[in-house]
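In our numbering, the protein residues as written are 457 to 843. Structure, as structure tokens:
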């Protein structure tokens with residue numbers, strides 16, 4: 457079983473000799489697609505901070521081939537991938553776009569060649585397909601053609617940017633293909649939770665939203681990423697974290713963590729923890745491999761910087777971060793493990809479970825009573841467990 461993120465799994469069937477031996481299963485253990493597919497993969501998004509969980513690509517093999525030009529994907533004895541690797545078996549086949557929300561394939565889309573970086577992208581509830589001549593076509597979730605587009609298209613969240621085929625200039629379209637803004641300048645994308653993009657015009661950078669409105673009143677040399685209206689930028693060789701008004705929130709080496717917080721490391725090595733609203737949550741002494749924060753020998757809460765668990769660099773593997781705000785802690789003294797809320801420090805679960813297994817943003821707790829073993833599955837936001 458392979459967790460594909462966004463609550464779905466690829467599971468293998470019993471016919472190992474058949475390359476089309478995989479099914480798609482939901483987190484509720486419902487089989488969405490039967491054991492008739494070779495591979496499942498998410499379509500691309502030009503905005504690396506934008507994630508979608510509606511459409512997934514389903515690969516079906518037809519015939520083996522010796523031609524890399526004809527191959528859709530590649531397989532070894534135990535692995536199917538978009539390769540190729542040395543000694544891989546190459547397959548012809550086709551790709552369909554499956555709508556997880558509607559539990560059906562998008563009509564009229566069946567592709568024999570797929571470049572995983574460019575061919576299929578999502579624009580909100582619509583699908584952008586790159587044609588063989590490098591032009592693009594936008595389809596809705598029912599497979600209806602919405603519009604034909606040029607060769608230079610960027611999919612960012614629920615918006616689509618079509619660049620001019622030559623020179624500068626661009627236009628913004630919504631997920632229905634309707635034009636919402638037209639402008640001049642050179643467009644580029646960067647990781648953004650808000651679907652923003654960057655335009656270089658008249659010697660300065662600016663950040664626009666999907667309506668063409670300027671959302672960052674600042675002219676940085678380079679924008680690395682945006683996270684809910686906080687921007688990690690580079691000016692004159694230095695890194696800064698600024699808010700939407702251009703106010704400097706932090707300076708130094710800026711790092712965004714999976715929890716949505718930032719750390720700022722100054723030249724003297726001192727670390728500050730910056731919250732998602734731009735506030736300095738705490739001064740810290742270290743950040744461990746899992747994105748957990750420590751100060752003076754204790755883990756600290758995300759919300760207020762208070763200590764709530766002991767921390768020792770030499771014992772750091774007792775901790776595991778699950779999702780964005782759950783931490784698993786296993787004491788070194790033999791006491792029972794527990795699960796905590798990283799933001800408040802509140803203990804969430806300590807009901808005698810023996811082991812924890814992470815499955816993406818979910819986790820499974822194992823309970824052992826004599827010779828009996830039972831399991832409970834939880835989401836990253838701990839609610840009632842589902843056995």
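Quick reminder that beta carbons are idealized off the backbone N, C-alpha and C, glycines included. Remember, predicted model here, so these are calculated numbers, not experimental data.
Proximity of residue i and residue j at Cβ, strictly below 8 Å
i: residue 562; j: residue 597; result: yes
i: residue 547; j: residue 489; result: no
i: residue 499; j: residue 577; result: yes
i: residue 657; j: residue 640; result: yes
i: residue 493; j: residue 516; result: yes
i: residue 599; j: residue 618; result: no
i: residue 729; j: residue 710; result: no
i: residue 610; j: residue 666; result: no
i: residue 846; j: residue 477; result: Residue coverage of the chain in this structure runs from 457 to 843, which leaves residue 846 outside it and unanswerable.
i: residue 545; j: residue 520; result: yes
i: residue 643; j: residue 616; result: no
i: residue 637; j: residue 679; result: no
i: residue 664; j: residue 702; result: no
i: residue 717; j: residue 731; result: yes
i: residue 784; j: residue 765; result: no
Inter-residue spacing [alpha-carbon to alpha-carbon] between residue i and residue j
i: residue 471; j: residue 750; result: 49 Å
i: residue 777; j: residue 699; result: 27 Å
i: residue 582; j: residue 632; result: 7 Å
i: residue 801; j: residue 670; result: 39 Å
i: residue 844; j: residue 485; result: Nothing can be reported for residue 844, as the shown portion of the chain is limited to 457 through 843.
i: residue 585; j: residue 529; result: 18 Å
i: residue 511; j: residue 612; result: 15 Å
i: residue 790; j: residue 799; result: 25 Å
i: residue 805; j: residue 721; result: 34 Å
i: residue 587; j: residue 727; result: 49 Å
i: residue 724; j: residue 782; result: 31 Å
i: residue 809; j: residue 831; result: 9 Å
i: residue 649; j: residue 624; result: 25 Å
i: residue 735; j: residue 822; result: 38 Å
i: residue 713; j: residue 719; result: 8 Å
i: residue 812; j: residue 496; result: 27 Å
i: residue 820; j: residue 668; result: 44 Å
i: residue 834; j: residue 662; result: 42 Å
i: residue 568; j: residue 473; result: 23 Å
i: residue 684; j: residue 775; result: 28 Å
i: residue 475; j: residue 818; result: 29 Å
i: residue 706; j: residue 483; result: 40 Å
i: residue 590; j: residue 622; result: 15 Å
i: residue 411; j: residue 824; result: Residue 411 lies beyond the residue range present for the chain, which begins at 457 and ends at 843; the question has no answer from this structure.
i: residue 762; j: residue 753; result: 12 Å
i: residue 691; j: residue 462; result: 36 Å
i: residue 626; j: residue 487; result: 42 Å
i: residue 535; j: residue 549; result: For residue 535, the predicted model reports a pLDDT of 46, less than 50, meaning its position is unreliable; a value from the coordinates is still stated below. Residue 535 and residue 549: Cα-Cα distance of roughly 17 Å.
i: residue 460; j: residue 814; result: 13 Å
i: residue 794; j: residue 704; result: 39 Å
i: residue 686; j: residue 652; result: 12 Å
i: residue 788; j: residue 768; result: 11 Å
i: residue 556; j: residue 575; result: 19 Å
i: residue 689; j: residue 756; result: 27 Å
i: residue 603; j: residue 828; result: 59 Å
i: residue 558; j: residue 509; result: 12 Å
i: residue 468; j: residue 480; result: 9 Å
i: residue 807; j: residue 660; result: 57 Å
Span of the beta strand (DSSP E), counted from its first residue to its last, around residue i
i: residue 496; result: 495-497
i: residue 635; result: 635-639
i: residue 795; result: 794-797
i: residue 510; result: No beta strand (DSSP E) contains residue 510, which DSSP labels as neither H nor E.
i: residue 618; result: 615-619
i: residue 608; result: Premise fails: residue 608 is in no beta strand (DSSP E) and is neither H nor E.
i: residue 810; result: Counting along the chain, residue 810 falls outside any beta strand (DSSP E), and DSSP gives it neither H nor E.
i: residue 696; result: 694-699
i: residue 481; result: 478-482
i: residue 630; result: 626-630
i: residue 822; result: 818-825
i: residue 465; result: 464-468
i: residue 475; result: Where residue 475 is concerned, there is no enclosing beta strand (DSSP E), given that its DSSP letter is neither H nor E.
i: residue 766; result: 763-766
i: residue 828; result: 828-835
Distance cut-off 7 Å: residue i Cβ against heavy atoms of the ligand SAH
i: residue 667; result: The ligand SAH is not part of this structure, which contains no ligands at all.
Chain C within 8 Å of residue i, Cβ atoms only
i: residue 794; result: Here chain C cannot be found, since the structure has a single protein chain.
### At least three beta-carbon pairs within less than 8 Å, the stretch 580-596 to the stretch 518-531
Below 8 Å, too few C-beta pairs join the stretch 580-596 and the stretch 518-531 to call them touching: fewer than three.
#### Entry: Uninterrupted beta strand (DSSP E) stretches inside the stretch 706-736 (no shorter than 3 residues)
Counting only runs of 3 or more, we get 709-712, 718-721 and 727-730.
### Entirely enclosed beta strand (DSSP E) segments - the stretch 556-593, minimum 3 residues
Runs found: 560-567, 576-579 and 582-586.
### Query
Fully enclosed by the stretch 644-675, which beta strand (DSSP E) runs are 3 residues long or longer?
Qualifying beta strand (DSSP E) stretches, in chain order: 653-657, 660-664 and 670-672.
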